[in-house]
Amino acid sequence: MSEAVNNQILLSSRPVGVPTRDNFTFIKSSIPEVNDNQLLIRTLYLSVDPYMRGRMNDQKSYIPPFQLDQVITGGVIGEVIETKSSEFQVGDVVLGLLGWQNYSVVDAGEVQKIDTNIAPITTALGVLGMPGMTAYFGLLDIGQPQAGETVVVSGAAGAVGMLVGQIAKIKGARVVGIAGSEEKVQYVTEELGFDAAINYKTTPNMQLALEKACPNGVDVYFDNVGGPISDAVLSLINQGARIPLCGQISLYNSEKQDIGPRIQVQLLKKTATMKGFLVTQYTDRYHEGMTQMAQWIKEGKIKYSENIVEGLENVPEAFLGLFTGENTGKQLVKVSDC
């Protein structure tokens, strides 16, 4: 297998503002030999996620930045095609943080087997993976929605947002979504059961639209986007509101420091809680989350959507599309057939 060609995608320069394809370089390389307790994995699907934009900057954060001229890494589903580990067999389907490339050689402890009988394997990168666990723990642990309360979720048609809204409905809340197209608004209301949704791209006054959609104010705001949209939602929070701070995608490509309303007074007056979180904080509870999400899917209480682009060569475009709202649900790239 060492003679096979491995196509790889490197970060060749750090983006200034919105990334472009020029920030990425494609190279061909050979595949390293498989040593003791290692696996050779053929990439089947890989995930592109908004958090990766932050890793393209050379700055300190909760996760180290990508290094220039090195293979970009992210969530990958792959098939074991060579093994020197007693824990894995050829043909096992695994999940790991691997490279944007056709093949990876890794230590056996760096990946985990996927039970292919539970659900389609792609769900390990979506509803039963990081997005699903983000929605589950962020909403239930921090947001704590109660029956009859109003829950607002931005990025409502994204991989996390669509699940947040459905979980909130299971808990008996009124759910209002914010999305970026009429198709997405229609999807979350008609297919996913949201009570209302707002297209922020065509709404001239978000404040008025939110007041109409949330006549009883906002008890929980699951924030995926930040910026002016979040400013408008936060002006409507009720006493004791909870705000899980999941993402700020509207700001990820900003070239200048964002300056917005100072929200401390609003939080103080309403004795509200805003808490940032990382899904990795809940790693030891993943089994709980995945078991419950799988049960809700089986019962028809949770639906999910995947947007799958084919071909390693199209990974940059799939990634860039996250910032223009191209995807509904989880954005994946299919690299090879199972």
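Going by the UniProt record's numbering, the residue at position 188 of the sequence shown is 188; the numbering climbs one at a time, nothing skipped.
Note that the Cβ used here is the ideal one computed from N, Cα and C, for glycine as well.
Closest Cβ-Cβ distance between CYS246 and chain B: below 8 Å?
Absence of chain B from the displayed structure is noted, only one protein chain being present.
Residue range of the alpha helix (DSSP H) that includes TYR62:
For TYR62, no alpha helix (DSSP H) encloses it, and the DSSP letter there is neither H nor E.
Helix, strand or coil for GLU149 per DSSP?
coil
Determine the burial state of residue 357: buried for a count of at least 16 other Cβ atoms within 10 Å of its Cβ, exposed for fewer.
Since the first residue of the chain shown is 1 and the last is 338, residue 357 is not available in this structure.
Tell me which same chain residues have a C-beta within less than 6 Å of the C-beta of GLN166, skipping the five on either side of it?
LEU192, ILE302
Secondary structure, beta strand (DSSP E): runs of 3+ residues fully inside the segment 258-296
273-276
With distances taken between CB atoms, is the gap from VAL218 to VAL152 smaller than 8 Å?
yes
So the candidates are ASP92, GLN146, PRO204, LYS60; which of them puts its Cα closest to the Cα of TYR221?
GLN146
Where do the ends of the beta strand (DSSP E) carrying ARG42 lie?
38-47
Measure the alpha-carbon distance for GLU149 versus LEU46 and round it to whole angstroms.
37 Å
Put GLY161 into one of helix, strand or coil per three-state DSSP.
helix
Integer-rounded CB distance, given that PHE277 should sit under 8 Å from GLY126
Beta-carbon to beta-carbon, GLY126 and PHE277 are separated by about 19 Å, too far to satisfy the 8 Å threshold.
For GLU306, does the three-state DSSP call read helix, strand or coil?
strand
Take LYS28 and list the residues in its own chain whose beta-carbon comes closer than 8 Å to its own, dropping the five residues that flank it on each side.
Closer than 8 Å at the Cβ level, and outside the excluded window around LYS28, lie VAL5, ASN6, ASN7, GLN8.
In this structure, does DSSP put ILE114 in helix, strand or coil?
Here ILE114 sits in coil by DSSP.
Do you know whose CA, among GLY227, LEU236, GLU317, GLU190, lies nearest LYS212's CA?
Of GLY227, LEU236, GLU317, GLU190, the residue nearest in Cα terms is LEU236.
CB of SER336 within 8 Å of CB of THR43, strictly:
yes
When you compare only the Cα positions, how much space is there between LYS184 and THR328?
7 Å
Terminal residues of the alpha helix (DSSP H) in which ASP219 lies:
Not the alpha helix (DSSP H): ASP219 falls in the beta strand (DSSP E), residues 218-222.
Which value, in whole angstroms, describes the spacing of the CA atoms of LEU98 and PRO204?
The alpha-carbon atoms of LEU98 and PRO204 are separated by roughly 43 Å.
Counting only the same chain and skipping the five closest in sequence on each side, list residues whose C-beta sits under 8 Å from that of GLY289.
GLY132, MET133, TYR136, PHE137, TYR282
Which value, in whole angstroms, describes the spacing of the CA atoms of ASP115 and ILE41?
17 Å
Collapsed DSSP secondary structure at GLN186 in the structure displayed
helix
Figure out for me which residue from GLU313, TRP296, GLU310 has the closest Cα to the Cα of ALA168.
TRP296
Check ASN7 in the structure and name its three-state DSSP category.
strand
6 Å Cβ shell around LYS201 - same chain, five flanking residues per side excluded
GLY180
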